[in-house]
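Going by this note's numbering, the first residue of the sequence shown is number 23, and it counts up by one from there.
All C-beta atoms, glycine included, are put in the ideal place defined by N, C-alpha and C.
Following: one structure in structure tokens, then a few remarks.
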Amino acid sequence: MASFLAQLCTVDHGRYSSGTTGKPKGIVCPHRGAVHAYKWRHRAYPYDEDDREACNVFFVWEMLRPLTQGIPMYVISDEVIYDPPRLIKYIEEHKITRILFTPSLLDAVIKYKGVDVRKSFKTLRIIIFCGEVMTTNVRDKISSLCPWITLLNLYSISECHDVSSADISNPNNIKEGRQYCSIGKSLPFVKILILDENLNEKKMGTPGDIYIGGPTLAIGYLNRPDLNKMRFISTPEHLRKTCGVRLYNTGDWGYALGDGTFEVIGRSDTMVKIRGYTIELQAIEVALRDYPGIKACCVLCLGEEGQNKILVAYIVNTEPMKTCEIRAYLKTKFPFYMIPSKYFFLDSLPILKSSGKLNKEELPKLDSIAQIELDESMFQSQKNIAKIWCKILNLYTLDKDENFFEIGGHSLTAALCISKMNEELSLNLSIKDLFAHPTVQEMAALLENKSNETLKLDLIHEIDVNSYKSLDENLNVRVQCFWKSVQLNSNKLKYGNVLLTGVTGYLGIHLLQKFLVDTKCTLFCPVRETPNKTLLQRLEDIMLKYHMSLDLNNYTDRLILVKSDLSLEMLGLKNQDEYVSLSYEIDMIIHAAAFVNLILPYNALYKSNVLATKNLIEFSFLNKIKSFHYVSTDSIYPSTSENFQEDYTVADFDDFMTTTSGYGQSKIVSEYLVLNAGQMGLPVSIVRCGNIGGSLEFKNWNLVDLNLYILKAITRLGYAPDIDWYLEFTPVDFLTKSLVQLTTNVNNANKIYNFINTNPIHIKTLVSVLNTYGYNIKTVPYEKWFHKLNKRELSEPLIQILRNKGKEYLTVNNSYCQRNTLALLKSCDETYPETNDHTVRQFLDNLRNSNLLPNVPLENNNSTEYTDTNKQGISISNAGTVNIVFGNTLANKVIFVTGSSSGIGEQLVKDLVTLGAKVVAVARRIDRLENLKTSLQNAPGSIIVKKLDVTIENDVKKVVREVLAELGHIDILVNNAGVMYFTLMEKYKLEEWNAMINVNIKGVLHCIGNILPSMLHSRRPGHILNISSNAGVRPFAGLAVYTGTKYFIEGISGALRQEVSDRNIKVTCIQAGDVKTELLSHSTDRDVVDKYDISKAVPVLTTKEISQSIIFALLQPSHSAVNSILIEPPLASI
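Quick look at the structure:
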């Protein structure tokens, strides 16, 4: 027996496999693998006496199977196998009964015009699929043509022989809506594992890397130790008991199902990242194959990350088609970053004859593209605009109806786009023009000064085309079941499963907190993917941003985060299985997500606000009925100063037709979709919110709230507009508590609620309260106030809103009925919170303590402003100090300064905060930082202090993450932390050398490495300023290692500047000479200090001069970059 086992382990043969690369690799296989696989297949799918098997693909592998059973084997030549007419003729003439196909090869045969597959395949009994992922699309095609054929999906790999197999002939065995066919259960003794990057098993239904263990593994690759190490790995200790000592990394991507079967959904190398987003190429290919007229396709990711990395689709089409139509189809299924930018239409896809797989190397290269391709139906003016947009958004095609903000556009690219249009087309547009006209068609109409009737919005039509329409004859029964279940269990919704949307927003994150703490509900929260962060990290960052102390890790049993995009089909979930399963889980939906923008038109908000609501209503009706609660806004009301009721019917719709706000229009359409669903039996409620105020519990406020914008402008300017504006808000703590009570009691359904404060504070009262804090705010005419606001550029969002809507927007004073709201509060023994001087003071204290409001006004009313003939502002104080005011400003810039507890860093922090910046001061000595913060408490800007040792990378990562969560971005990084020791090389003071390397080099790298990606991702103008030295320009004796560290800073700064200069990031080196700081006192080798240090012999620089040099570089306008400043004492210059 031992001898027999030894023979099974010895080498049987070597085979060469080229895979998809075309580069052969030798695979050494033992007898055992072939014997095990052959024996299993002969038993599972035995031959009939009259069987005839044809072989070509994987010929060496397949040829022995029929021969060992005495069955004739027919060899199909390469010339025949890839020629569909000849292939089906061969099958028909030789009466073939079994054959192996790759799915793409069979798909090409089926789609080939002029061939009769049904007739030619009449003798076939079994088709085995192998070599590629088998989609349900291909299975359905061959099954409908030839229903008598048994279809086997074989998962077989050169390095593992046969692994598993599934009979996919019966469509009933495939779950509805699945994109991929199952590969079945593994063969006896063969182990399939789905592992993560740490080689831990993934949960059922969660995709991961596929590893194979068991008796069928190859011995390894011939003369390829590097590949053996990567692919044939030692089994982790915790898996060895069941999986053996070796595993093979297949490079495939898939997951396990609940019935013990598996699905392969693609290659791991088809999972790519573009700008931080994870993209599954195979999912795009599957969607394309479902598009009418597409015979075959391939999607590749081409280009380098951070440059021109894009998706390219290669399509074999059977009928003419337009790229804009394909893009429109894909946009219903995927987020914008998964939509290919370029499309090639081919006669066929190139195939590797050695394997029957796609030959990607032979596909057209991206650099062969001559120009941007646009629809010929576009007018020339539209083409001119489209070409500019394509260049800005890195696209190769664009339709005139595509929304700029739905194809990758955002505020920064909008600014670049407007700048380019103004330059190339001799225009004078502003960003608000793009917000108001976000399609090529609308923008061209604006430029041609056309009214263009086709662009007018028909709200009645929008409601009609988006309303849910059901053909379900059992709908009434399902609605009755919902109400019966509530009657049987009155507490059902208090312990049920809630789909809560919008949890990355201000109201949503507070709702999440309230539900987790105050109820027993389980929350399912759809969250969009963002680059380089997990869904949980997104929520944790938002919690940190709003000072919410809840630890989400304590609620993992009741908090389920779902990667989703509500505006896409099936809510953007990865497959039909997940979508349907979720529909059975959810009891209630609270839709609090919205794209809130007071400037954009309806079309720009449709997808996020209307389409998402439409999709959620459809989901509410799917399978079991779910109650639906919609968070709306008072923006639906027109500005007519009327008393608006809570309830209304379709007959009242004309009252809302005067709403001109695109945001208000998107919400009124969504409200009607909800009401229509309610008329069909869905339990619904609508909650209209006014301005949502801050939290007294967590001492925070919504950072993008209009009230906050106005409060900041008033307190920073020292002036308030003389208008009838009211500070209206409802505290978020009260609102979320009320929403929990409303939604968990089904008796509150089928009503509309106005959560709008009917007792707001007039601006005169507000100014009076503010002045008690010492602000000395003066009231001036609105025009003068807006002029000052515009001139100082203190709040770009507020300026844009007021430019777009005018002061009338601030003076609307509608009144609102609250019958339903007050009845709800009474049933909960609650009252609507009053807004008075006391509550305003509470919130103002929180805003000041959170540095959201300055402690004194930014503008000094005792200074006088003049303007010279060159229009350069000059500020002259009573003390006679003259400061040139650059076109740039540091007010509200977030500036991260290392080494802030003393010296240059301390002085710089003082100057930056005085200029109105938001400074994050970090250093090891937190006590000094706290003292620094106290000394600046009345300064115009703000300061956050954090203890940080820049030499510890994990600490840097943690602090940067906290800052980004709290402030949203970092505009400027000042790498100031440094140490310097005088010593001679011969003395080998390794500890001091390492200290200089760790702080001066590694500390700088840690900060750049953790902050630069966020700068690039934010697409805001950025600046990295490194404190170098004149020792980085010329070496100094006694400072050899220190000099080396500063040469490093110069080198890395120069290279980094070349990498990021075209991405709106500046890099500056301050080459400081001798400065009076405590840096020199660190040196222990006093003899060397006495010999080489000259700071005691000549006047040296102060930290003030260095700080002013830094600020000079930071204040330069965008078109001017100061790459380096060499600043030295005159008597100690190099």
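Query raised in the report: Which residue's Cα is closest to the Cα of L581: L521, M570, F211?
Result: It is L521 whose Cα lies nearest to the Cα of L581.
Query raised in the report: Is it true that the region 581–591 meets the region 535–552, where meeting means three or more beta-carbon pairs spaced less than 8 Å apart?
Result: Yes, since at least three Cβ pairs between the region 581–591 and the region 535–552 fall closer than 8 Å, the two stretches touch.
Query raised in the report: With burial defined as no fewer than 16 other Cβ atoms inside 10 Å of the residue's Cβ, what is the status of F211: buried or exposed?
Result: Its Cβ having fewer than 16 others within 10 Å, F211 is exposed.
Report task. Would you give the residue range spanned by the beta strand (DSSP E) that G230 belongs to? Result -> Where G230 is concerned, the enclosing beta strand (DSSP E) stretches over 230–235.
Requested in this report: Measure how close the beta-carbons of I132 and K163 come, nearest whole angstrom, since I'm counting them as under 8 Å.
Outcome: Yes, they are in contact, since the Cβ atoms of I132 and K163 sit about 5 Å apart, within 8 Å.
Query raised in the report: Does the distance from the C-beta atom of S964 to that of V941 stay below 9 Å?
Result: Judged by beta-carbon spacing, V941 lies within the 9 Å limit of S964, meaning their Cβ atoms are closer than that value.
**Report entry** Three CB pairs or more closer than 8 Å across the region 527–535 and the region 606–615
**Finding:** Verdict: yes, contact present.
**Report entry** Whole-Å CB distance - G938 paired with N914, under 8 Å assumed
**Finding:** Cβ atoms of G938 and N914 come within 8 Å of each other, at about 7 Å.
Query - Whole-angstrom distance between C152 and R21, CA atom to CA atom - result: Outside the displayed span of the chain (23 to 1156) sits residue 21, for which this structure offers no information.
**Report entry** Endpoints, the alpha helix (DSSP H) within which L300 is located
**Finding:** The displayed chain sequence assigns Thr, not Leu, to residue 300. Judged by DSSP secondary structure, T300 falls outside any alpha helix (DSSP H) and instead within the beta strand (DSSP E) spanning 299–302.
**Report entry** Residues near R54 by beta carbon distance below 7 Å, same chain, minus five either side
**Finding:** Excluding sequence positions up to five before and after R54, its CB lies within less than 7 Å of the CB of L30, C31, P237, all in the same chain and listed in chain order.
Query raised in the report: Residue range of the alpha helix (DSSP H) that F865 falls in?
Result: DSSP places F865 inside the alpha helix (DSSP H), whose first and last residues are 859–871.
Query raised in the report: Whose C-beta lies closer than 7 Å to the C-beta of Y1069 among residues of the same chain, with five residues either side of it excluded?
Result: Leaving aside the five residues that flank Y1069 on each side, the residues in its chain whose CB is nearer than 7 Å to its CB run, in chain order, G1054.
Requested in this report: Please report the Cβ distance between L447 and D455, rounded to the nearest whole angstrom; I am assuming they are in contact, meaning their Cβ atoms lie under 8 Å.
Outcome: The pair is not a contact, with the Cβ atoms about 12 Å apart (cut-off 8 Å).
Requested in this report: Would you tell me roughly how many angstroms separate the C-alpha atoms of R108 and I98, rounded to the nearest one?
Outcome: In a straight line, the C-alpha of R108 is about 10 Å away from that of I98.
Requested in this report: Report the partner residues of P548 according to the DSSP bridge assignment.
Outcome: As DSSP reads the structure, P548 sits in a beta bridge with V584.
**Report entry** Neighbourhood of Y418 by C-beta, 7 Å cutoff - its chain only, sequence neighbours within 5 removed
**Finding:** Excluding positions up to five away in sequence, the list reads S363, K364, I391, I394, E395, C412.
Query raised in the report: In this structure, does DSSP put L1136 in helix, strand or coil?
Result: Helix at L1136.
Query raised in the report: DSSP three-state call for V33: helix, strand or coil?
Result: DSSP, reduced to helix, strand and coil, places V33 within a strand of the structure shown.
Report task. Determine which residues share a DSSP beta bridge with H1039 and list them. Result -> Beta-bridge pairing links H1039 to no other residue.
Requested in this report: Please confirm whether S403 and E470 have their CB atoms less than 9 Å apart.
Outcome: Here S403 is near E470, since their CB atoms are less than 9 Å apart.
Query raised in the report: Counting Cβ pairs closer than 8 Å, one from the region 613–633 and one from the region 689–697, do we hit at least three?
Result: When C-beta atoms of the region 613–633 are compared with those of the region 689–697, three or more pairs fall below 8 Å, so the two segments count as touching.
Query - Contacts around W62, its chain only, beta-carbon distance under 6 Å, and the 5 residues preceding and following it disregarded - result: Answer for W62: L209, listed in chain order.
Query raised in the report: What does F777 pair with, by DSSP beta-bridge criteria?
Result: Its beta-bridge partners are C711.
Query raised in the report: How big is the Cα-Cα spacing for Y624 and T1125?
Result: Pairing Y624 with T1125, the inter-Cα distance amounts to about 54 Å.
Query raised in the report: Fully enclosed by the region 961–1018, which beta strand (DSSP E) runs are 3 residues long or longer?
Result: Runs of the beta strand (DSSP E) lying entirely within the region 961–1018, each at least 3 residues long, are 964–969, 994–997 in chain order.
**Report entry** alpha helix (DSSP H) segment containing V57, residue limits
**Finding:** Where V57 is concerned, the enclosing alpha helix (DSSP H) stretches over 53–66.
Query raised in the report: Under 9 Å between the Cβ atoms of F777 and S790?
Result: No.
Query raised in the report: Which ranges would you report for the alpha helix (DSSP H) in the region 399–469 if only whole runs of at least 4 residues count?
Result: Listed in chain order, the complete alpha helix (DSSP H) runs (minimum 4 residues) inside the region 399–469 are 402–415, 433–447, 453–458, 462–469.
Query raised in the report: DSSP three-state call for K555: helix, strand or coil?
Result: Correct three-state label for K555: coil.
Query - Sequence-distant residues of its chain with Cβ nearer than 8 Å to T1038 (five each side left out) - result: Sequence check: residue 1038 is Leu here, not Thr. Excluding positions up to five away in sequence, the list reads G328, G1044, V1082, R1085, I1087.
Requested in this report: On a CA-only basis, which of L368, Y528, Q701 is nearest L385? Give me that one, please.
Outcome: When only C-alpha atoms are compared, the closest one is L368.
Query raised in the report: If we count the other Cβ atoms within 10 Å of its Cβ and call it buried at 16 or more, is K317 buried or exposed?
Result: So K317 counts as buried.
Query raised in the report: Under 9 Å between the Cβ atoms of V286 and I205?
Result: It is a contact, given that the beta carbons lie within the stated cut-off.
Requested in this report: Give the secondary structure of L477 by DSSP, where H, G and I count as helix, E and B as strand, and everything else as coil.
Outcome: Unreliable positioning characterises L477 in this predicted model, as indicated by a pLDDT of 47, which lies under 50. The coordinate reading is nonetheless provided below. In this structure, L477 counts as helix in the three-state DSSP scheme.
Query raised in the report: Under 9 Å, do G715 and I799 count as touching if we go by C-beta distance?
Result: Taking 9 Å as the Cβ cut-off, G715 and I799 do not qualify as a contacting pair.
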